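Peer 1:
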Amino acid sequence: MATRQSVDEFLQRCEDVIRYAKEQYTEAQKQEHYNDTEYTKAQQMIEEANNELAHLALSCNAQQREQLHRMRLQLQQLQNEMVLLDH
């Protein structure tokens with residue numbers, strides 16, 4: 161069973177990943193991908209967070225799974241936006 165603290169810490173890390181990825185997305189829109197390394201790093205961080213989220217969800221209660229599901233939706237939305245910009 162995942163502890164409340166472990167879930168809260170994970171959700172905070174996800175928020176940090178989202179903030180970083182949004183910054184990279186905004187920069188990529190302005191610069192037309194002159195910063196590909198950081199952009200790719202942000203995409204990898206989102207993917208890693210998604211993978212960790214799936215693993216953590218296996219040991220969560222219903223309320224925690226709901227929190228993780230909402231976070232997964234945010235991560236996936238941002239990931240999709242980044243892929244669409246990365247053409």
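Going by our numbering, the first residue of the sequence shown is number 161, and it counts up by one from there.
From the three backbone atoms N, C-alpha and C, an ideal C-beta is built for every residue, glycine too.
Please read these numbers as outputs of a predicted model, since none were measured by experiment.
Comparing C-alpha positions only, which one of Glu183, Asn221 and Asp176 sits nearest to Glu198?
Peer 2: The sequence position of residue 198 within the sequence shown is 38, counting from 1. Closest by alpha carbon: Glu183.
Peer 1: Determine the direct distance from the alpha carbon of Arg230 to that of Ser219, and round the result to whole angstroms.
Peer 2: As a working note, residue 219 is residue 59 in the sequence shown. As a working note, residue 230 is residue 70 in the sequence shown. Near 17 Å, if we compare the C-alpha coordinates of Arg230 and Ser219.
Peer 1: Out of curiosity, what's the CA-to-CA distance linking Arg225 and Gln237?
Peer 2: Position 65 of the sequence shown, counted from the start, is the residue given in the question as residue 225. Position 77 of the sequence shown, counted from the start, is the residue given in the question as residue 237. Looking at the two C-alpha atoms, the distance is approximately 18 Å.
Peer 1: Could you pull out every residue in the same chain whose Cβ sits closer than 8 Å to the Cβ of Tyr185, ignoring the five residues on either side in sequence?
Peer 2: The residue you call residue 185 lines up with position 25 of the sequence shown. Tyr199, Ala202, Leu238, Glu241, Met242 and Leu245, listed in sequence order.
Peer 1: Got a sec? Which residues, its chain only, sit under 8 Å from Glu147 by beta carbon, not counting five neighbours each side?
Peer 2: With the chain represented from 161 up to 247, any question about residue 147 goes unanswered, as that position is not in the structure.
Peer 1: Rounded to the nearest angstrom, what separates Glu169 and Leu235 at their Cα positions?
Peer 2: Here the question's residue 169 lines up with position 9 in the sequence shown. Here the question's residue 235 lines up with position 75 in the sequence shown. Near 16 Å, if we compare the C-alpha coordinates of Leu235 and Glu169.
Peer 1: Is there a Cβ from chain D that is less than 9 Å from the Cβ of Glu226?
Peer 2: Looking for chain D here will not work: only one protein chain is present.
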